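Q:
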Amino acid sequence: MIRLLVALLALVLAAPALAQEPDLFGWFDAHPVPGTDAWCLDSGHHLHEYAMDPEQEPIYVMDGVTYYMGDVVLTGAPIEAVWYWGAHPVGHLGGAWCVLDGPHAHYWRPWWRVSAWSSASWRVRDGYWTWAGPYDDWYHWSHGRWYSRHTAFHVRYSTQPRYAPRYVDVRHPAVVYVATSRSYPSWDARRSGDRYRSSRTIEVRPSRDSRYGRRR
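Residue numbers (our numbering): 7 to 222.
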């Protein structure tokens with residue numbers, strides 16, 4: 007009986023400590039630390055005690071994991087920038103696309119699926135990686151889910167004074183980029199019409215295709 011009472015007392019005393027354990031949130035690769043100018047540069051999947059609001063930051067939250075999708079130059083990331091132009095698939099997202107228009111920078115290099123995304127699907131034009139492959143259901147699903155909100159984030163980061171020294175110093179092309187048909191390079195996918203601009207909305211997330219190749 008005494009042993010039982012001692013065990014119960016130990017549980018009662020331990021309860022507050024257990025209740026105070028913080029929630030942990032899943033992240034993937036590098037990302038800014040909310041509320042600071044710092045960056046976490048951990049690679050792969052990892053955990054933090056903080057989260058980001060997808061209504062306030064350019065992130066994707068998929069299967070409980072947060073992926074930072076903002077422009078790493080505009081946000082001052084201390085990592086090498088890889089330049090893209092226009093929408094493109096993102097290999098480590100399992101099929102989802104970045105849907106930003108025009109010039110922008112990420113921290114990862116292109117991936118492709120062995121069967122569906124050949125190396126010929128990626129081309130370098132004027133120093134930008136551009137997508138020349140098919141615009142699949144994942145593109146339409148991603149466009150409908152994230153395009154409006156993430157475009158607004160990109161415009162905000164391009165115009166807020168706090169970011170001006172960062173992107174002006176490196177001559178970020180977003181400074182002079184104007185989203186009109188006259189500004190599109192001849193190789194911009196938007197000139198091909200409907201295959202770029204989503205004319206349909208896919209509400210249900212496409213099935214995951216795990217047949218991925220390697221990073222370039």
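Glycine is no exception: its CB is placed at the ideal position from the N, C-alpha and C atoms.
In this text the structure is predicted, and so the values were computed from the model without any measurement.
With three or more beta-carbon pairs closer than 8 Å as the criterion, would you say the region 98-112 touches the region 62-79?
A: Cβ pair count under 8 Å is three or more, so yes.
Q: Take every Cβ of the region 86-98, pair it with every Cβ of the region 53-64, and state whether three or more of those distances are shorter than 8 Å.
A: They do not touch, by the three-pair rule.
Q: Check whether the Cβ of G82 sits closer than 7 Å to any heavy atom of the ligand ZN, and report yes or no.
A: In the structure shown, the ligand ZN is absent, as is every other ligand, since no ligand is present at all.
Q: Quick one, which of I85, L106, G32 has its alpha-carbon nearest S154's?
A: Here the closest residue by C-alpha is L106.
Q: In whole angstroms, what separates the C-alpha of Y90 from that of D29?
A: Taking the straight line joining both Cα atoms gives about 35 Å.
Q: Taking only the alpha-carbon atoms, compute the straight-line gap between T142 and P40 and give it to the nearest angstrom.
A: Here residue 142 turns out to be Asp, not Thr, going by the sequence shown. C-alpha separation (whole angstroms): 33 Å.
Q: Compare the C-alpha of H94 against each of P212, A87, W45, P116 and name the closest.
A: When only C-alpha atoms are compared, the closest one is P116.
Q: From the DSSP secondary-structure annotation, give me the bridge partner or partners of W109.
A: In the sequence as presented, Trp is not what sits at residue 109; that position holds Pro. Looking at the DSSP assignment, P109 forms a beta bridge with W91.
Q: What three-state label does DSSP hand G150 in the structure shown?
A: Helix, per DSSP.
Q: May I have the straight-line CA-CA distance separating D132 from W193, to the nearest angstrom?
A: So the alpha carbons of these two residues sit roughly 10 Å apart.
Q: Going by alpha carbons, who is nearest to V88 out of G50, Y134, H52, S49?
A: Nearest of G50, Y134, H52, S49 to V88, Cα basis: Y134.
Q: Roughly how many angstroms separate the alpha carbons of S189 and A195, rounded to a whole number?
A: Going from the Cα of S189 to the Cα of A195 covers about 13 Å.
Q: Which residue from S49, A83, Y56 puts its Cα closest to that of D43?
A: When each option's Cα is compared against that of D43, the closest is A83.
Q: Between L53 and G32, is the Cβ-Cβ spacing less than 8 Å?
A: Contact: yes.
Q: Going by DSSP, which residues form a beta bridge with H38?
A: Before going further, note that residue 38 is Pro rather than His in the sequence given. Answer is W45.
Q: Would you tell me roughly how many angstroms separate the C-alpha atoms of E86 and T72, rounded to the nearest one?
A: Cα to Cα, E86 sits roughly 21 Å from T72.
Q: Going along the chain, which residues of its own chain have a beta-carbon closer than 7 Å to the beta-carbon of S49, five neighbours each way excluded?
A: Counting only Cβ-Cβ distances below 7 Å, and skipping sequence neighbours, we find D35.
Q: Helix, strand or coil: which one does DSSP assign to R131?
A: Reduced to three states, the DSSP call for R131 is strand.
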